[in-house]
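To start, the structure under review is shown below, and the notes come after it.
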Amino acid sequence: MTAWDVHRPPDPDLIADCVHCGFCLPTCPSYTVFEDEMDSPRGRIVLMRVGNEPGSRPSDELRVHMDRCLGCMACVTACPSGVKYDQLIERTRPQVERVAPRPLRQRLHRRLIFALFTHPGRLRALAPLLWVQQKLGVNDAIGRRLGRVPELQAMLRLAPPVTRRAAIQRLAEVTPAQGARRGRIALMQGCVQRVFFGDVNAATVRVLAAEGFEVHAPRSPRCCGSLQLHAGVEDEALELAKATIAAYEDFEHVAVNVAGCGSGMKDYAHLLADDPAWAQRATAFAAKVRDVTELLADLEPQAPRHPLPMTVAYHDACHLAHAQKVRVQPRALLNSIPGLELREPAEWEICCGSAGIYNLVEPGAAAELGERKAANLRATGAEAIAAGNPGCAIQIGSYLDIPVFHPMTLLDHSIRGTRP
Ligand code: SF4
Ligand code: SF4
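So for the sequence shown, my numbering puts the first residue at 374; every next one is plus one.
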């Protein structure tokens with residue numbers, strides 16, 4: 374008997390790649406906050422190895438240390454030995470869900486998160502209520518009444534500003550290309566993204582169309598499963614990954630404007646590697662997925678850019694910078710906007726604390742990281758922030774009174790000659 378069960382335990386060969394040098398420790402946000410070796414990449418890899426040893430047993434402590442990992446993959450960027458911590462933690466999280474059961478309250482909390490946030494239809498139904506609450510300014514009062522349910526308090530506090538159109542705003546299923554045609558492309562709409570950041574999706578479609586793409590925005594599936602994948606909710610992640618592949622695989626490229634979704638979708642090949650019916654399709658599909666900035670930076674711009682005189686600090690979303698290694702392309706696109714001055718915050722590599730559902734399930738650590746990120750961004754003196762992930766925009770926005778824009782929103786304004 375070992376702590377891990379036989380279904381995809383963390384790979385001993387990948388574990389053995391870690392030489393315990395500790396180079397990853399300074400960039401690890403959970404180590405920074407908790408200052409415990411077991412909350413570092415090196416410590417967790419030891420726990421993964423121990424879990425593979427005969428006689429080991431799962432424990433609450435094991436679950437707690439794995440839960441404290443933000444999945445930011447800064448350790449993958451920092452590691453000189455090429456340790457694939459991303460693949461290790463991706464296998465470990467579902468193990469934790471199966472072998473180390475959570476207290477009932479935690480289980481209900483997580484169930485509520487996935488039953489709500491990954492269902493655009495349910496979010497749309499909730500949007501008018503949130504809009505009224507925010508208009509009346511009663512969020513804080515309601516939050517105080519929820520004192521005994523801190524889980525709901527955190528959800529309310531982190532709710533993004535909702536527009537009146539959020540409940541009804543929908544993208545056209547097909548948007549024609551403008552100018553010289555470059556081909557057909559699909560845009561993944563996302564779950565939270567399509568409801569609370571519908572304006573970002575609309576801006577992305579306009580930019581892609583202006584750059585010569587016929588843009589298709591399929592309405593289903595409701596979600597790509599990345600939020601579930603990154604939290605170890607394996608069955609649902611697998612089901613949604615297969616539905617996403619089936620819906621999008623006929624397109625030459627699949628554009629994504631949410632860092633977390635892009636990283637999960639590029640990972641489908643690993644997720645479905647053991648499924649003979651899907652492994653090949655998943656590999657072919659993953660090769661088509663591009664962050665929208667990655668896709669556009671590879672092309673000669675065809676839509677003229679108008680000046681957008683403003684100072685902007687670029688925030689590296691971890692799932693873009695570390696998980697997808699996309700750092701140069703969003704900067705190149707923003708630098709292509711005349712008049713826009715780009716600034717770089719200190720500690721770009723350290724997570725803002727958003728990390729999928731992390732700021733909902735680990736609010737204390739997330740708040741510490743959010744304050745730290747906000748201070749670094751504020752210190753740039755920029756008048757706006759650019760970030761390619763809705764979770765980061767919500768997290769940073771809750772600690773900073775500077776507007777946060779998606780790079781596509783800024784590019785869209787530049788192409789249209791308008792101001793954000
Ligand atoms: S994960 Fe990499 S950087 Fe971190 S201790 Fe292991 S070998 Fe060193
Ligand atoms: S993924 Fe992020 S939080 Fe987790 S061990 Fe690596 S650096 Fe630390």
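Glycine residues also receive a C-beta, built at the ideal position from the N, C-alpha and C atoms. Note that the structure is predicted; figures quoted are calculated from it, not measured.
Which of the three DSSP states, helix, strand or coil, is assigned to residue i?
i      : result
Leu797 : For residue 797 there is no data in the structure shown, the boundaries of the chain being 374 and 793.
Ala760 : strand
Arg369 : An answer regarding residue 369 cannot be provided, because it is not within the stretch 374 to 793 covered by the chain.
Val522 : coil
Ala686 : strand
His380 : coil
Ile592 : The sequence given here has Arg at residue 592, not Ile. Here Arg592 sits in coil by DSSP.
Val511 : coil
Ala628 : strand
Arg517 : helix
Leu715 : strand
Thr548 : strand
Thr656 : helix
Arg639 : Strictly speaking, residue 639 in this sequence is Lys, with Arg absent from that position. Here Lys639 sits in helix by DSSP.
Pro493 : helix
Pro793 : coil
Gly633 : helix
Met374 : coil
Glu667 : helix
Pro534 : coil
Ala646 : coil
Ala676 : coil
Ile506 : Note on identity: in this sequence residue 506 is Gln, with Ile being the wrong assignment. Three-state result, Gln506: helix.
Gln562 : coil
What span of residues does the beta strand (DSSP E) with residue i cover, start to end?
i      : result
Glu587 : Phe586 to His589
Arg663 : Val662 to Asp664
Ala539 : Premise fails: Ala539 is in no beta strand (DSSP E) and is neither H nor E.
Around the Cβ of residue i, are there at least 16 other Cβ atoms within 10 angstroms (buried) or fewer (exposed)?
i      : result
Asp608 : exposed
Asn732 : buried
Thr577 : buried
Ile462 : buried
Asp412 : buried
Ile515 : exposed
Leu477 : exposed
Asp785 : buried
Lys639 : buried
Arg518 : exposed
Gln653 : exposed
Arg521 : exposed
Pro414 : buried
Lys698 : exposed
His482 : buried
Thr791 : exposed
Starting from residue i and walking both ways along the alpha helix (DSSP H), at which residues does that stretch end?
i      : result
Ser438 : It is worth fixing the name first, because residue 438 is His in this sequence and not Ser. Residues Asp433 to Asp440.
Leu461 : Tyr458 to Val472
Glu607 : Glu607 to Tyr621
Ala477 : For the record, residue 477 in the displayed sequence is Leu; it is not Ala. Counting along the chain, the alpha helix (DSSP H) containing Leu477 begins and ends at Leu477 to Phe490.
Arg704 : Val701 to Asn708
Cys725 : Unbroken run through Cys725: none, as it is neither H nor E.
Gln601 : Ser599 to Leu602
Cys452 : Segment: none, Cys452 is in no alpha helix (DSSP H) and carries neither H nor E.
Gly444 : Here Gly444 belongs to no alpha helix (DSSP H), and DSSP marks it neither H nor E.
Gly571 : Gly571 to Ala583
Leu733 : Tyr731 to Val734
His695 : No alpha helix (DSSP H) contains His695, which DSSP labels as neither H nor E.
Checklist entry - Which runs of the alpha helix (DSSP H) spanning at least 4 residues fall entirely within the region 737-790, listed in chain order? => result 763-770 and 780-789
Checklist entry - Three or more beta-carbon pairs under 8 angstroms between the region 544-562 and the region 499-510, yes or no? => result no
Checklist entry - Can we say the region 747-766 touches the region 722-737, given the rule of at least three CB pairs closer than 8 angstroms? => result yes
Item to check | Inter-stretch contact (C-beta, 8 angstroms, three-pair minimum) for the region 674-693 and the region 627-634 | outcome: Yes, since at least three Cβ pairs between the region 674-693 and the region 627-634 fall closer than 8 angstroms, the two stretches touch.
Checklist entry - Are the region 551-569 and the region 747-764 in contact at 8 angstroms, needing three or more beta carbon pairs? => result yes
Checklist entry - Is the region 424-440 close to the region 668-675, with three or more CB pairs under 8 angstroms? => result Because the criterion of three Cβ pairs below 8 angstroms is not met, the region 424-440 and the region 668-675 do not touch.
Item to check | Whole runs of the alpha helix (DSSP H) within the region 383-429, excluding any shorter than 4 residues | outcome: DSSP runs (the alpha helix (DSSP H)) wholly in the region 383-429: 385-389, 402-407 and 414-424.
Checklist entry - Are three or more beta carbon pairs between the region 487-495 and the region 413-423 nearer than 8 angstroms? => result No, they do not touch.
Next on the checklist: Under 8 angstroms, with one C-beta from each stretch per pair, do the region 646-666 and the region 681-688 reach the 3-pair mark?
Outcome noted: no
Next on the checklist: Quick check: the region 497-506 against the region 462-475, are at least 3 beta-carbon pairs closer than 8 angstroms?
Outcome noted: no
Checklist entry - Does the region 650-663 come close enough to the region 728-743 that 3 or more CB-CB pairs lie under 8 angstroms? => result no
Checklist entry - With contact counted as at least three CB pairs below 8 angstroms, one residue from each stretch, are the region 376-390 and the region 704-713 in contact? => result no
Next on the checklist: If contact is defined by three or more beta carbon pairs under 8 angstroms, each pair taking one atom from either stretch, is the region 434-448 in contact with the region 581-597?
Outcome noted: no
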